[in-house]
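The structure appears right after this line, and notes come after that.
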Amino acid sequence: MARKLPEVDVVLVGFGWTASIIAQELTEAGANVLALERGEWRDTVPDFSVTHIQDELRYAVRKEIFEQTRRETMTFRNKSDQLALPMRELGSFLPASGVGGAGVHWNGQNWRFLPTDFMLRSHNEQHYGKKAIPDDMTIQDWGVTYEQLEPYYDKFEYLCGISGKAGNLGGKIQAGGNPFEGPRRREYPLPPLKRCAATVLFDKAAREVGFHPFPAPAANTSKPYRNTLGVQMGQCTYCGYCEWFGCANYSKASPQTTILPVLLKKDNFSFRTHSSVIRILTDSDGKRATGVVYVDQNDREYIQPAQMVVLCAFAHHNVHLLLVSKIGVPYDPQAGTGVVGRNYAYQVSSSVNVTCKERLNPFMGAGALGQVVDDFNGDNFDHTGKGFLGGGYIALWNTGGRPILQEYLPKGTPKWGAGWKKALHEDYLYSTHMQCHGGVMSYRDNYLDLDPTYKDNYGNPLLRLTFDFHGNEKAMSKFLTDRATEIANAIPNRGINAKPREGDYSIVPYQTTHNTGGAAMGTDPRTSFVNPYLQSWDVPNLWVMGSTVFPQNAGYNPTGTVGALAFWAADAMKRYIRNPQPLVQT
Amino acid sequence: MNARLLIAGVLALASAGAAVAAVQVYAPARSRQLWGTVQQGKYLARAGDCKACHTAEGGKPYAGGRPVPTPFGIVYSGNITPDPDTGIGAWSEEDFYRAMHDGIDRQGKRLYPAFPYPWYTHMTRGDVDAVMAYLDTVKPVRQVDRQPKLGWPFSMRSMLAVWDKLYLDAKQFQPDPKQSAEWNRGEYLVDSLGHCGACHTSKNMLGGPTGGKMQGGMAEHVFAPNLGAGERDGLGGWTKQDIVEYLATGSNRYATAAGPMAEVVQASTQYLKQRDLEAMATYLKSLEGPKPETPNTPDNDTMHAGVALYVDDCAGCHMDKGTGLPNVFPPLRASSAVQAAKPDLLIAVILQGARSPATSAKPSGITMPAFNAKLDDAEVAALTTYIRNAWGNRGGGVSKGDVAKLRSTLASAPR
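Order-wise, the sequence lines are chains W and P. When we follow the working numbering, the leftmost residue of the first sequence carries the number 1, and every step to the right adds one. When we follow the working numbering, the leftmost residue of the second sequence carries the number 1001, and every step to the right adds one.
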């Protein structure tokens, strides 16, 4: 029998980036906020201490700080006529578990999406005609514009202490920055990170072939920083242990290093760890969320009543929770109706390895230490005759020189034995690689629903992912890989190994953790689950955060947009608290 | 918020008054204390840092039970909530003043000087009464005091009469007419309420004060640095503003509070008014330092071993030249704590790690992890020798034995 707890104003499902932002904003406005986190409490010291965090085997290979599939997983298939099977080991993407969420183990590659990304359908229809968009491509406009989000992007960047160089200040293109970005109100809070040898080579080569490289915006601090809440951050040491690790030096932006020192001191905020939310409760007519049900580590069930429920978990979990709670109309791919589970999207990545003539220093790394070419992202180039829409960036990231997973040896190098040792000895210090990071459109047959066969620990059906790459993405990925190869050829080299993404999507090799959609935002309740303020159309005191609301995926890492949307939604929530009505009337 | 506090305060006052009335013949007029007096008492209780010692880890505020390690054994702080049976709810203002001024409790029992009455003794009667007025408003907690764990002869309370005779200078603060009002206020805050000398003045075999005032002493297990003059190991190089920033925020360009001092800043000094902090700084800047000693010169091999360890384990935060990073990681170069007469503080920070105070000005509570599992005694000795003598520092060498001894003391210390 579930125990009923005293009501709070706002309950947050999950305690990562979006929950921390919402909690900070709403507690400032006076609300009593509670976050429920399924994982454990974690902090820089002792959990990510410099005395032990640089352990690639423990964290990157054995995946210690990620979601554990024996506790929570999903099933997967490429096509609707296949039998989906449970994912028993993480591979293609790595959701987190624990306070801070994936904000603890991300690289810190922090982007704004392009102004045209937010108007994807209308922009492309206008430029290339309605026929350019295939019938099964279910892309749509976001219902929010870049101009509306700009102040919130700025807010997130100054919270995190982003290191970078502006490319467009109020419409004026700036030398040294990304000339394709949307206009920003001011410079980044910190200058770009230092460059390493490989990024210098990339920069020179990219310019030679006529592209426009710039230093990537990084949530790794190039200098010590006091953020907008007064929280202190150290200076990145370029240790190369960002991605899949927690930062030991207070220099990668995470909830722990930017918000929690202030948030946790507040009397009107609390959080509970080892608390897995398994259901959202609604009143009898389903028009109002009344709280959530969660289970603690001893399998005790609790009812947590709340005036507002905000879903702040990973994209998949938010959708799963909506489906098992029977909130919103589930998506039906045959009829093309319903919204929950609709427009799931991912990203398409490929790489080009280069064995340089110049000796490099792979050990000087940071999660977002890189030079980037954005000439082929979104609609930054003319797509006429290209046979695809969308795009992505090409980057040379030097995230680190870790011994197990970060060797980019020449084509044909054996996986083990004397040949491998010889190649490692001769080529490791000369090897680098470029990444092509492409967006994925949404399609009628890529979606999330409940699995008819497999159940989770709590007796709920597992979430089922049906996803494959389409021709548009394959063509786009090939185009990007070819451009990256052009850059590689301009680097003095002893060999190039282009690795395009080919064939069906596989859930096994790691690609990116940027899963999006399933509860899209938009202006039409028939094609979106939340309105442009991230408020549910059906249940106005229920809100959904994170990349769950992206109507399709862009060619950038999502965290910057996720952060901006959270601040944007928080402002809307403050208006809602004063006047609890749907913010957009239907 | 204030209104709610006011109501809670009034209710607590009323109930405390009622409880006292039930057991006391001469019920004091405390229930009629003015709001302003309670607020003054709250401020003074913070300045005296009462809560830090009188609250056990995970325990209720002011209910006591926190172990206070002394060279003679462990003394536990008392329950000073207004609970009439186990706290001080039944005490009169006279009783409370006698405890603060003479170190004798309501039953006539002498208190151990781990309770800093040798400093509180200088407080004015009005201030002591205000502290009591505030304590009357905290939530009463029923919790019986723990008995101290002291070896003979310190376990005999009668010994304390001798101690008091030798060392207790029981007189109220008298302003020095030759000094400014600011200096006098500073002396009052430092020497009575702040009881800074409890740690920062050295003590003899019996725990009585010895040597120069505030020239460094033992705080629990580690050395509390000299607060007097001294460019190298004192506050000689600090400006008044440096001292104020340190006490208000937990760090300045020279140092970050660690260990017991981090608690002092977090629970006490960050709440003090700017002009009180300035007064403390004025007074501290007038103090003399110890006679400078010539530290020994470490050998080259140890320095070489030390620099290698430093680059591996320390330079990421404290930087190549020991400069640290402003507002984040403390500098080690030109640091008085690093060059202190005794290396214990530096060794303890390396072995145990340290959490900087999380103040409202600098909220992060930046924490250094413990290196006790990573570095052995010889390595810590080489590392501390290097840090104490690099970049113009002159602190002298550290032996493996120094490290081993402190490691074992810290391992057996109550936490």
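Even glycine gets a Cβ: it sits at the ideal position worked out from N, Cα and C.
Looking at the DSSP output, P213/W sits in a beta bridge with V373/W.
Residue-level contact by beta carbon fails for A1348/P and chain W, as no gap is shorter than 9 Å. Looking at the backbone, the Cα of G16/W and that of A313/W are separated by about 7 Å. Neighbourhood of K1213/P in chain W, by CB distance below 8 Å: empty, with the nearest CB roughly 34 Å away. Listed along the chain, the chain W residues whose CB falls inside 7 Å of the CB of L1406/P amount to none; the nearest CB is some 19 Å away.
Chain P places a beta carbon closer than 9 Å to that of T44/W, counting this residue as a contact.
If you ignore the 5 residues before and after A1047/P, its C-beta comes within less than 7 Å of the C-beta of L1189, L1193, G1194, S1268, L1272, all in its own chain and listed in chain order. Look at L369/W: its C-beta is not under 9 Å from any C-beta on chain P. With the rule of 3 Cβ pairs closer than 8 Å, the region 1056-1067 of chain P counts as touching the region 1076-1090 of chain P.
For S49/W, the chain P residues whose C-beta falls within less than 7 Å of its own C-beta are P1369, listed in chain order. With a 10 Å radius around the Cβ and a threshold of 16 neighbouring Cβ atoms, G336/W comes out exposed. Membership of A484/W in the alpha helix (DSSP H) is indicated by the continuous run 471-489. For C1317/P, no beta strand (DSSP E) segment is defined; the enclosing uninterrupted segment is the alpha helix (DSSP H) at 1315-1318. In its chain, beyond the 5 residues on either side, R184, R185, R186 have a beta carbon closer than 8 Å to the beta carbon of D154/W. Following the DSSP letters along the chain, one finds S270/W inside the beta strand (DSSP E) bounded by residues 269-272. CA-CA distance, G387/W to N472/W, rounds to 7 Å.
Taking a beta-carbon distance threshold of 9 Å, V1328/P counts as an interface residue toward chain W. Under the Cβ criterion of 9 Å, A248/W is counted among the residues facing chain P. DSSP, read as helix, strand or coil, puts M364/W in coil. A residue is called buried when at least 16 other Cβ atoms come within 10 angstroms of its Cβ; T51/W meets this threshold and is buried. For P1175/P, the nearest beta carbon of chain W is not closer than 9 Å to its own beta carbon.
The three-state secondary structure of T73/W, taken from DSSP, is coil. Listed in chain order, the non-local C-beta contacts of G177/W below 6 Å within the same chain comprise K165, A166, G167, F214, local neighbours out to five positions each way being set aside.
In terms of Cβ geometry, M1132/P and I1104/P do not form a close pair [threshold 9 Å]. With at least 16 other beta carbons inside 10 angstroms of its own, Q511/W counts as buried. Contact note: K1374/P reaches chain W through T51, using a C-beta cutoff of 7 Å and chain order. For R464/W, there is no enclosing alpha helix (DSSP H); the enclosing beta strand (DSSP E) has its first and last residue at 461-466.
Assignment of W1391/P by DSSP, reduced to helix, strand and coil, places it in the coil class. Under the 10 Å beta carbon count, Q1172/P is surrounded by fewer than 16 other beta carbons and is classified as exposed. Proximity to R1098/P across M1205/P, R1125/P, T1086/P, R1275/P peaks at R1125/P, based on C-alpha coordinates. Just so you know, the alpha carbons of Y344/W and V539/W end up roughly 21 Å apart.
In the structure shown, K1178/P falls within a coil segment according to DSSP collapsed to helix, strand and coil. It is roughly 33 Å from the alpha-carbon of L1345/P to the alpha-carbon of E40/W. When C-beta atoms of the region 218-230 of chain W are compared with those of the region 249-256 of chain W, three or more pairs fall below 8 Å, so the two segments count as touching. Between the alpha carbons of K478/W and P189/W lies a gap of roughly 36 Å.
Only exposed fits A418/W, as fewer than 16 other CB atoms lie within 10 angstroms of its CB.
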